[in-house]
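A.B. asks:
Protein chains: 2
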Amino acid sequence: MSERRRGHGEAGAPHGVADRRAAGGTRTDQKRQAITQAATGLFLRQGYEGTSMDEIAAAAAVSKQTVYKQFTDKEQLFATIVTAITERAERIAETINALVDEIVDLEAGLVQLARAYTTAVVQPPVVQLRRLVISEADRFPVLARTYYQRAPARGIAALAGGLERLAGRQLLRIDDATTAAEQFAYLVLGPVIDRALFDPGAPIEDSEIARYAAAGVRVFVAAYT
Amino acid sequence: MSERRRGHGEAGAPHGVADRRAAGGTRTDQKRQAITQAATGLFLRQGYEGTSMDEIAAAAAVSKQTVYKQFTDKEQLFATIVTAITERAERIAETINALVDEIVDLEAGLVQLARAYTTAVVQPPVVQLRRLVISEADRFPVLARTYYQRAPARGIAALAGGLERLAGRQLLRIDDATTAAEQFAYLVLGPVIDRALFDPGAPIEDSEIARYAAAGVRVFVAAYT
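Chains as they are written, first to last, in our numbering: chain A, 1 to 225; chain B, 226 to 450.
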């Protein structure tokens, strides 16, 4: 819901209107959304510590009182945002499931899956959020663990399910699907995500994603067929 | 040099005395070392943005003027520290080289190498530095890239050289040693380092390291023999 709203903006988004009616408060919801959008941008650009509730209120064009009324404190606002953004992981998981079930040629299909998965994970907002959560993990261990379980681990779980279905179709021989899924993920996207984290100025090229996907899948298929 | 001094402290370290004479300034070096130690701890605990030059001066028991005289500004002090700490990567590279050249039984030897490598990389100060550099990568892209090239990429390069020597001994069949080294690294330590980054409260157990080492090496050996 909140993801959709963030993506589309309010104007001309009929489901947004319906959602607001269902939640029973058009103006409150609009303010909440404005605060969430402003805070996400500020946290991503400036980090948690470098962002004040005053700045968030100013960027959202609401009073500081309104911010506190909606979110209690900065920590709760931060937690709400991270949770909302991890809904993105659900869509990545859905993509994984759909692509796995389309596989006919194993190696070609896994390369396509690897490319789609890596492309989704190295989108700048995802990388920025990952960077933000890692940098605040000491201060918010529960939040970081929650993010990890809902986002990266959600992708691994979807992959594990997919690999099990491929094993059921006799295309792979898998003992431990979760371990195999982690291996697949780190083979194809590990180097790419690290490059994105450590070198934010240099864009990730499709050719780089394709190269790691092909090389990683080759190793994976050699081990699991 | 600075690594050795940091490790041993000044007192009773004969090479420290010699170094200081060569550098021509006992008191200056002592102050520089005190500032570096204090700043490293503060940056690691509080992040770059959350640490002031005042705090660093207080923690090092020197005047703020002395801090600025030695390091120009906070950015330069931060850069000096990150560079110094990445010297640790050289020692990890030496460990990799030594272990590769001891390998007799391929799979058992690679598992031993994987365990030593992962154990070195998930030491709390290494993880904290990695977290700090990732969190500041947008602000200091050159520094982050430099860190990456000197630390994680240094380990990969050592691994690549080692895998080439194993191929020379006919123990492995490798086309692209750097890609194979990245695959080895991400297979055996990728999930462990991410767990350390996202879940700093839960210690990394030897059994977890051993499990990923064994599973990763099994996949690697299946693909490259």
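Every residue gets a Cβ at the ideal spot worked out from N, C-alpha and C, and that includes glycine.
Model, not experiment: these values are computed from the prediction.
Compute the beta-carbon to beta-carbon distance between B/LEU335 and B/VAL446, rounded to the nearest angstrom, for a pair I have assumed lies under 8 Å.
C.D. replies: As a first step, residue 335 of chain B is located in the second sequence; it is residue number 110 there, counting from the start. As a first step, residue 446 of chain B is located in the second sequence; it is residue number 221 there, counting from the start. Yes, they are in contact, since the Cβ atoms of B/LEU335 and B/VAL446 sit about 7 Å apart, within 8 Å.
A.B. asks: Our contact map puts A/ALA93 next to A/GLY155 with C-beta atoms below 8 Å; I'd like the distance itself, whole angstroms only.
C.D. replies: Numbered from 1 along the first sequence, position 93 holds the residue referred to as residue 93 of chain A. Numbered from 1 along the first sequence, position 155 holds the residue referred to as residue 155 of chain A. Contact flag correct, Cβ pair sits at about 6 Å.
A.B. asks: B/THR308 lies in the alpha helix (DSSP H); which residues open and close that run?
C.D. replies: Within the second sequence, the letter at position 83 stands for residue 308 of chain B. Here the alpha helix (DSSP H) through B/THR308 covers 299-310.
A.B. asks: How about B/PRO428: is its C-beta nearer than 9 Å to some C-beta of chain A?
C.D. replies: In the second sequence, counting from the first residue as 1, residue 428 of chain B sits at position 203. It does not: the Cβ of B/PRO428 has no partner Cβ on chain A nearer than 9 Å.
A.B. asks: Going by other Cβ atoms of all chains shown within 10 Å of its Cβ, with 16 needed for buried, is B/SER288 buried or exposed?
C.D. replies: Your numbering for residue 288 of chain B matches position 63 in the second sequence. Classification of B/SER288: exposed, given that the 10 Å Cβ count is below 16.
A.B. asks: Write down every uninterrupted run of the alpha helix (DSSP H) in the segment 78-151 of chain A whose length is 4 residues or greater and which is fully enclosed by it, in chain order.
C.D. replies: Counting whole runs of 4 or more residues, the segment 78-151 of chain A contains the alpha helix (DSSP H) stretches 87-101, 106-121, 124-135 and 141-150.
A.B. asks: Considering only C-alpha positions, which residue in the set B/ALA378, B/ALA376, B/ALA405 and B/ILE306 is nearest to B/ARG390?
C.D. replies: Counting from 1 along the second sequence, the entry for residue 390 of chain B is found at position 165. Answer by Cα proximity: B/ALA405.
A.B. asks: Roughly how many whole angstroms lie between the Cα atoms of A/ASP175 and A/ARG195?
C.D. replies: Here residue 175 of chain A corresponds to residue number 175 of the first sequence, with the count starting at 1. Here residue 195 of chain A corresponds to residue number 195 of the first sequence, with the count starting at 1. Answer to the nearest angstrom: the Cα atoms are 31 Å apart.
A.B. asks: Straight-line CA distance for A/LYS230 to A/ALA59?
C.D. replies: Not covered by the structure: residue 230 of chain A. The range shown for chain A is 1 to 225.
A.B. asks: Mind checking B/GLY387: buried by the 16 CB within 10 Å criterion, or exposed?
C.D. replies: Indexing the second sequence from 1 puts residue 387 of chain B at position 162. Buried, by the Cβ-count rule.
A.B. asks: Going by CA-CA distance only, name the one from A/PRO203, A/GLY47 and A/ALA185 that's closest to A/GLU75.
C.D. replies: Counting from one through the first sequence, the residue named residue 75 of chain A turns up at place 75. Closest option to A/GLU75, Cα to Cα, is A/GLY47.
A.B. asks: Thinking just about the alpha-carbon of each residue, which of B/ASP326, B/ILE328, B/PHE268 and B/ARG257 is nearest to the one in B/THR297?
C.D. replies: Mapped onto the second sequence, residue 297 of chain B falls at position 72. Looking at the Cα atoms, B/ARG257 is the closest of the given residues.
A.B. asks: Does the beta carbon of B/ILE359 sit closer than 9 Å to a beta carbon anywhere in chain A?
C.D. replies: For the purposes of this step, residue 359 of chain B is taken as the residue at position 134 of the second sequence. Interface residue, yes.
A.B. asks: Under 8 Å by Cβ, that's how I've got A/TYR147 and A/THR95 pegged, so tell me the actual separation to the nearest angstrom.
C.D. replies: The count along the first sequence starts at 1 and reaches residue 147 of chain A at position 147. The count along the first sequence starts at 1 and reaches residue 95 of chain A at position 95. Contact flag wrong, Cβ pair sits at about 19 Å.
A.B. asks: Looking only at its chain, what residues have a beta carbon closer than 6 Å to the beta carbon of B/GLU361, apart from the 5 residues adjacent to it on each side?
C.D. replies: For the purposes of this step, residue 361 of chain B is taken as the residue at position 136 of the second sequence. For B/GLU361, where only same-chain residues beyond five positions count, the Cβ hits under 6 Å are TYR273.
A.B. asks: Mind checking B/GLY441: buried by the 16 CB within 10 Å criterion, or exposed?
C.D. replies: In the second sequence, the residue the question calls residue 441 of chain B occupies position 216. So B/GLY441 ends up on the buried side.
A.B. asks: Should B/ALA247 be flagged as near chain A, meaning a C-beta pair shorter than 9 Å?
C.D. replies: The residue you call residue 247 of chain B lines up with position 22 of the second sequence. At B/ALA247 the pLDDT is 45, less than 50, meaning the model places this residue with poor confidence; the figure from the coordinates comes in the next sentence. Not closer than 9 Å to any Cβ of chain A, the Cβ of B/ALA247 fails to qualify, so no.
A.B. asks: Have a look at B/LEU396 and A/ILE56 and give me their C-alpha separation to the nearest angstrom.
C.D. replies: On the second sequence, residue 396 of chain B is found 171 positions in, with the first residue counted as 1. On the first sequence, residue 56 of chain A is found 56 positions in, with the first residue counted as 1. Each residue's Cα considered, the two are about 59 Å apart.
A.B. asks: Skipping 5 residues on each side, what residues in its chain have a beta carbon closer than 7 Å to that of A/ALA227?
C.D. replies: With chain A covering 1 to 225 only, the question about residue 227 of chain A has no answer from this structure.
A.B. asks: Please name the residues in the segment 112-133 of chain A whose beta-carbon is closer than 9 Å to at least one beta-carbon of chain B, in chain order.
C.D. replies: The segment 112-133 of chain A vs chain B, Cβ under 9 Å: GLN128, ARG130, ARG131, LEU132 and VAL133.
A.B. asks: Comparing C-alpha positions only, which one of A/PHE198, A/ARG27 and A/VAL121 sits nearest to B/ALA369?
C.D. replies: Residue mapping note: residue 369 of chain B aligns to position 144 of the second sequence, counting from 1. Nearest C-alpha to B/ALA369: A/PHE198.
A.B. asks: Buried or exposed: where does A/ARG27 fall if 16 or more other Cβ atoms within 10 Å of its Cβ makes it buried?
C.D. replies: Within the first sequence, residue 27 of chain A is the residue found at index 27, counting from 1. Classification of A/ARG27: exposed, given that the 10 Å Cβ count is below 16.
A.B. asks: Listed from N- to C-terminal order along the chain, which residues in the segment 173-191 of chain A have their beta-carbon within a distance smaller than 7 Å of any beta-carbon of chain B?
C.D. replies: Going along the segment 173-191 of chain A in chain order, one finds THR179, GLU182, GLN183, TYR186, LEU187, GLY190 and PRO191 with a Cβ nearer than 7 Å to chain B.
A.B. asks: Going along chain B, which residues have a C-beta under 8 Å from A/PHE198?
C.D. replies: Stepping through the first sequence from its first residue, residue 198 of chain A is reached at position 198. Near A/PHE198 (Cβ distances below 8 Å), the residues of chain B are VAL358, ILE359, ALA362, ALA369, ARG370, TYR372, TYR373 and PRO377.
A.B. asks: When you compare only the Cα positions, how much space is there between B/THR261 and A/ARG173?
C.D. replies: By 1-based counting over the second sequence, the position of residue 261 of chain B is 36. By 1-based counting over the first sequence, the position of residue 173 of chain A is 173. About 53 Å.
A.B. asks: Closer than 9 Å, CB to CB, is B/GLY275 near chain A or not?
C.D. replies: Working through the second sequence from its first residue, we reach residue 275 of chain B at position 50. Output row for B/GLY275: interface = yes.
A.B. asks: Would you mind telling me which residues of chain B sit closer than 7 Å to A/ARG88, beta carbon to beta carbon, in chain order?
C.D. replies: The sequence position of residue 88 of chain A within the first sequence is 88, counting from 1. Near A/ARG88 there are no residues of chain B at all, since even the closest Cβ is about 17 Å away, more than 7 Å.
A.B. asks: Pick out whichever of B/ALA448, B/PRO425, B/TYR449 and B/VAL413 has its Cα sitting closest to the Cα of B/SER432.
C.D. replies: One-based indexing of the second sequence puts residue 432 of chain B at position 207. If we check each option's Cα against that of B/SER432, B/VAL413 comes out closest.
A.B. asks: Residue range of the alpha helix (DSSP H) that A/PRO191 falls in?
C.D. replies: Here residue 191 of chain A is taken as the residue at index 191 of the first sequence, counted from 1. Taken as a continuous stretch (DSSP letters only), the alpha helix (DSSP H) holding A/PRO191 covers 177-198.
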